[in-house]
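So the sequence lines, in the order shown, correspond to chains H and R. Numbered according to the numbering used here, the first sequence spans residues 8 to 113. Numbered according to the numbering used here, the second sequence spans residues 2 to 141. Idealized CB from N, CA, C, for every residue including glycine. Here's the structure, in structure tokens; my notes come after.
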Amino acid sequence: MAKSTIKLRTKEKGGKIQVKALITHPMETGIRKNKKTGKKIPAHYITDLEVTANGKPVITAEWSGSISKNPFISFKYAGSKSDSVTLTWKDNTGKSDSLTKKIGEK
Amino acid sequence: MASAAISTGILSTNNAFAAAHGGDIRAAKSVDEVLKMLGATGATESGDIKIKAPEIAENGAVVPVGITSNIAGTTEITSITAANPTPFAAKYIIGESAVPAVKSRFKMGKTTDVIVVVKAGGKFYTAKANVKVTKGGCGG
Numbered sequence: 008m009a010k011s012t013i014k015l016r017t018k019e020k021g022g023k024i025q026v027k028a029l030i031t032h033p034m035e036t037g038i039r040k041n042k043k044t045g046k047k048i049p050a051h052y053i054t055d056l057e058v059t060a061n062g063k064p065v066i067t068a069e070w071s072g073s074i075s076k077n078p079f080i081s082f083k084y085a086g087s088k089s090d091s092v093t094l095t096w097k098d099n100t101g102k103s104d105s106l107t108k109k110i111g112e113k
Numbered sequence: 002m003a004s005a006a007i008s009t010g011i012l013s014t015n016n017a018f019a020a021a022h023g024g025d026i027r028a029a030k031s032v033d034e035v036l037k038m039l040g041a042t043g044a045t046e047s048g049d050i051k052i053k054a055p056e057i058a059e060n061g062a063v064v065p066v067g068i069t070s071n072i073a074g075t076t077e078i079t080s081i082t083a084a085n086p087t088p089f090a091a092k093y094i095i096g097e098s099a100v101p102a103v104k105s106r107f108k109m110g111k112t113t114d115v116i117v118v119v120k121a122g123g124k125f126y127t128a129k130a131n132v133k134v135t136k137g138g139c140g141g
């Protein structure tokens with residue numbers, strides 16, 4: 008299996024789970040031009056991102072081309088050490104990826 | 002393929018999203034248009050929304066922005082980069098268990114206001130912060 012585009016780190020502290028994720032993605036806006044050819048680089052960005060804990064939605068994000076290349080997201084939620092966190096993304100070209108990790112798993 | 006099944010799941014929420022806003026919010030060209038699509042025109046200004054962004058960003062391609070809402074019952078956090086050609090940046094739907102605070106990285110073409118719209122208990126609240134973008138990367 009190819010290497011996942013998602014890096015996911017979770018940590019439990021005082022009943023809250025800190026989730027940090029880094030996704031490898033070009034996040035092209037569709038506005039930028041290729042300097043050599045003068046042609047526009049087609050838009051290619053993540054439109055939807057979903058994080059669930061034990062299958063229950065925690066945060067759902069709708070993104071656009073205004074999010075930086077290789078996007079990063081960090082947030083906290085009330086959960087327990089036994090949770091498993093899943094992050095799924097989908098981009099405007101229909102590609103997607105998903106990764107599940109237990110709390111604290113590297 | 003497992004990934005195909007997952008993508009259809011998200012796709013349906015995306016369609017619902019487009020329908021709910023009466024158009025493609027990502028293609029909206031002005032802040033007013035974005036606010037209209039959110040149904041958030043005339044949102045109340047609130048000091049309970051904290052935006053943590055650099056005053057001066059040397060590299061507009063990666064600007065870390067942290068948003069925290071201290072408003073009870075926050076369900077949605079939307080951020081808009083006013084000066085970008087398509088200002089809509091991100092909308093987060095905050096689940097019951099999640100703390101209404103998100104950090105992510107934005108692109109900013111030039112110096113801009115970052116406008117945050119928070120939906121809590123069916124009402125909209127807003128706050129903004131200005132980020133100066135210096136293109137040369139020399140901080141000047």
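From what residue to what residue does the alpha helix (DSSP H) around R:Asp33 run? For the purposes of this step, residue 33 of chain R is taken as the residue at position 32 of the second sequence. Per DSSP, R:Asp33 belongs to the alpha helix (DSSP H) from Val32 to Leu39.
Looking only at its chain, what residues have a beta carbon closer than 8 Å to the beta carbon of H:Thr54, apart from the 5 residues adjacent to it on each side? Translated into the one-based positions of the first sequence, residue 54 of chain H becomes position 47. Excluding residues within five positions, the ones whose Cβ falls inside 8 Å are Glu69, Trp70, Ser71, Lys97, Asp98 and Asn99.
Quick one: which chain R residues come within Cβ less than 7 Å of H:Ser89? The count along the first sequence starts at 1 and reaches residue 89 of chain H at position 82. Under the 7 Å cutoff, chain R gives no residues; its nearest Cβ is about 14 Å from H:Ser89.
Please list the partners that H:Val65 has in chain A, where partner means a Cβ-to-Cβ separation under 7 Å. Here the protein chains are H and R, and chain A is not one of them.
Where does R:Ile57 sit, in a helix, a strand or coil, going by DSSP? By one-based count along the second sequence, residue 57 of chain R stands at place 56. Strand.
Does the CB of H:Pro78 have a neighbour CB from chain R at under 9 Å? Taking the first residue of the first sequence as 1, we reach residue 78 of chain H at position 71. Yes, H:Pro78 counts as interfacial toward chain R.
For R:Ala28, which of helix, strand or coil comes out of DSSP? Position 27 of the second sequence, counted from the first residue, corresponds to residue 28 of chain R. In this structure, R:Ala28 counts as helix in the three-state DSSP scheme.
Beta-carbon proximity of R:Ile50 to R:Val132, cut-off 9 Å: The residue you call residue 50 of chain R lines up with position 49 of the second sequence. The residue you call residue 132 of chain R lines up with position 131 of the second sequence. Taking 9 Å as the Cβ cut-off, R:Ile50 and R:Val132 do not qualify as a contacting pair.
Quick test of the definition: if touching needs 3 or more C-beta pairs under 8 Å, does the stretch 107 to 119 of chain R touch the stretch 52 to 72 of chain R? The stretch 107 to 119 of chain R, when compared against the stretch 52 to 72 of chain R, does touch it at the 8 Å Cβ threshold.
With respect to the beta strand (DSSP E) encompassing H:Ser73, which residues constitute its N-terminal and C-terminal limits? Here residue 73 of chain H corresponds to residue number 66 of the first sequence, with the count starting at 1. Here H:Ser73 belongs to no beta strand (DSSP E), and DSSP marks it neither H nor E.
Assuming H:Thr17 and H:Ile110 make a contact with CB atoms under 8 Å, what is their CB distance in whole Å? Position 10 of the first sequence, counted from the first residue, corresponds to residue 17 of chain H. Position 103 of the first sequence, counted from the first residue, corresponds to residue 110 of chain H. Correct: roughly 5 Å between the Cβ atoms.
Residues in the same chain with beta-carbon distance under 7 Å from H:Glu149, minus the five sequence neighbours each way, listed in chain order, please. Not covered by the structure: residue 149 of chain H. The range shown for chain H is 8 to 113.
Residue from H:Gly62, H:Thr36 and H:Thr12 with nearest C-alpha to H:Thr93: Reading the first sequence from its first residue, position 86 is the one you call residue 93 of chain H. The option with the nearest alpha carbon to H:Thr93 is H:Gly62.
For R:Ala73, which of helix, strand or coil comes out of DSSP? To locate residue 73 of chain R, count along the second sequence from 1; it is residue 72. DSSP places R:Ala73 in the coil class of the three-state scheme, outside both helix and strand.
CB of R:Val64 within 9 Å of CB of R:Met109, strictly: Residue 64 of chain R sits at position 63 when you count from the first residue of the second sequence. Residue 109 of chain R sits at position 108 when you count from the first residue of the second sequence. Result yes, Cβ atoms of R:Val64 and R:Met109 sit closer than 9 Å.
Cβ of R:Met109 within 9 Å of any chain H Cβ: Position 108 of the second sequence holds residue 109 of chain R. So yes, R:Met109 belongs to the interface.
For R:Ser47, which three-state DSSP category applies? By 1-based counting over the second sequence, the position of residue 47 of chain R is 46. When secondary structure is reduced to three states using DSSP, R:Ser47 falls in the coil class, being assigned neither helix nor strand.
DSSP state of R:Gly67 mapped onto helix, strand, coil: One-based indexing of the second sequence puts residue 67 of chain R at position 66. Judged by DSSP in its simplified three-state form, R:Gly67 adopts strand.
Is the beta carbon of R:Ala99 less than 9 Å from the beta carbon of H:Ala85? For the purposes of this step, residue 99 of chain R is identified with residue 98 of the second sequence, where counting begins at 1. For the purposes of this step, residue 85 of chain H is identified with residue 78 of the first sequence, where counting begins at 1. Contact check for R:Ala99 against H:Ala85 passes: the beta carbons are separated by less than 9 Å.
Pair within 9 Å by beta-carbon distance, H:Phe79 and R:Arg106: Within the first sequence, residue 79 of chain H is the residue found at index 72, counting from 1. Within the second sequence, residue 106 of chain R is the residue found at index 105, counting from 1. Yes; because the gap between Cβ atoms is below 9 Å, this pair is in contact.
Within the same chain, show all residues whose beta-carbon is closer than 8 Å to that of H:Pro49, passing over the 5 residues directly before and after it, in chain order. Here residue 49 of chain H refers to the residue found at position 42 when the first sequence is read from its first residue. Here the set comprises Glu35 and Gly37.
Top-ranked residue by Cα proximity to H:His32, from H:Ser81, H:Lys88, H:Tyr52 and H:Gly101: On the first sequence, position 25 is the one that residue 32 of chain H refers to. H:His32 has its Cα closest to that of H:Tyr52, out of H:Ser81, H:Lys88, H:Tyr52 and H:Gly101.
Determine whether the beta carbon atoms of R:Ala29 and R:Phe89 lie at a separation below 9 Å. Residue mapping note: residue 29 of chain R aligns to position 28 of the second sequence, counting from 1. Residue mapping note: residue 89 of chain R aligns to position 88 of the second sequence, counting from 1. Result yes, Cβ atoms of R:Ala29 and R:Phe89 sit closer than 9 Å.
Of the residues R:Ala54, R:Thr45, R:Ala91 and R:Val134, the one placed nearest R:Ala121, counting alpha carbons only: On the second sequence, residue 121 of chain R is found 120 positions in, with the first residue counted as 1. Selected option, being the one with the closest Cα: R:Thr45.
Measure the beta-carbon distance from R:Ile52 to R:Glu77 and round it to whole angstroms, keeping in mind my assumption that it falls under 8 Å. Within the second sequence, the letter at position 51 stands for residue 52 of chain R. Within the second sequence, the letter at position 76 stands for residue 77 of chain R. Their Cβ separation, rounded to whole angstroms, is 16 Å, which puts R:Ile52 and R:Glu77 out of contact at 8 Å.
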